[in-house]
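Residues in the sequence shown are numbered consecutively from 8, following our numbering.
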Amino acid sequence: MNQNSDNKREFLRHTVATLAYRGGKAVANAPEGFATFKTNESTRTPGQILAHIGDLLDWALGMARGDFSWNGSSEQPWADEVERFFASLTAFDAFLASDAELQVPAEKLFQAPIADALTHVGQIAMLRRMAGGPMRGENYFKADITVGRVGPDQSTVRAEFD
């Protein structure tokens, strides 16, 4: 693996850690009934969005290994989807941390499943506010995000706004 490829892979790992941090904040302590909250009949619920994020992360790992198949899953209870979110992040990050060769460019993994997942985390954060359970805004530049920290135990050091 060349240095440029190593740098791209490390940046992708930082992005995955950022997704874990921001996603973890968006799903933590969600209000009762939040998983099924709907703004209207044509929108996805937070639970459906989180299930889709899990599918995106599984797809990212599959593509990294050379498998381009998509598997859409059925929504599970909120706690199970939160667990899957972190498990999928952990599996993907472990592959990125390994010596296994990426079967697709890192940029493609970012532009499709990871960027999409970040967008959906933002949707969950917005829906929390709409459902009456907002999370505090934060200066994410100051966030304690560390490559490899992709599980539910994220830093509690926050630069949240008053």
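For every residue, glycine included, the Cβ atom is placed at its ideal position computed from N, Cα and C.
* Asked: With a CB to CB cut of under 6 Å and the five nearest residues on each side skipped, what residues in its chain are close to V34?
  -> V89
Inspect the beta-carbon positions of M142 and K45 and report whether they are closer than 7 Å.
no
**OP:** Would you check if there are 3 or more beta carbon pairs closer than 8 Å linking the region 64-81 to the region 106-120?
**Re:** yes
- Helix, strand or coil at E114 according to DSSP, with G and I counted as helix: helix
message = I want to know whether the region 94-110 touches the region 37-56 - three or more CB-CB distances under 8 Å.
response = Between the region 94-110 and the region 37-56, the count of Cβ pairs shorter than 8 Å is below three; the stretches do not touch.
Checklist entry - How big is the Cα-Cα spacing for T153 and R16? => result 14 Å
First through last residue of the alpha helix (DSSP H) which encompasses T126: A122 to M137
Quiz prompt | alpha helix (DSSP H) segments (min. 4 residues) lying fully within the region 8-54 | solution = Annotation note: the region 8-54 contains the following uninterrupted alpha helix (DSSP H) runs of length 4 or greater, listed N- to C-terminal: 10-34.
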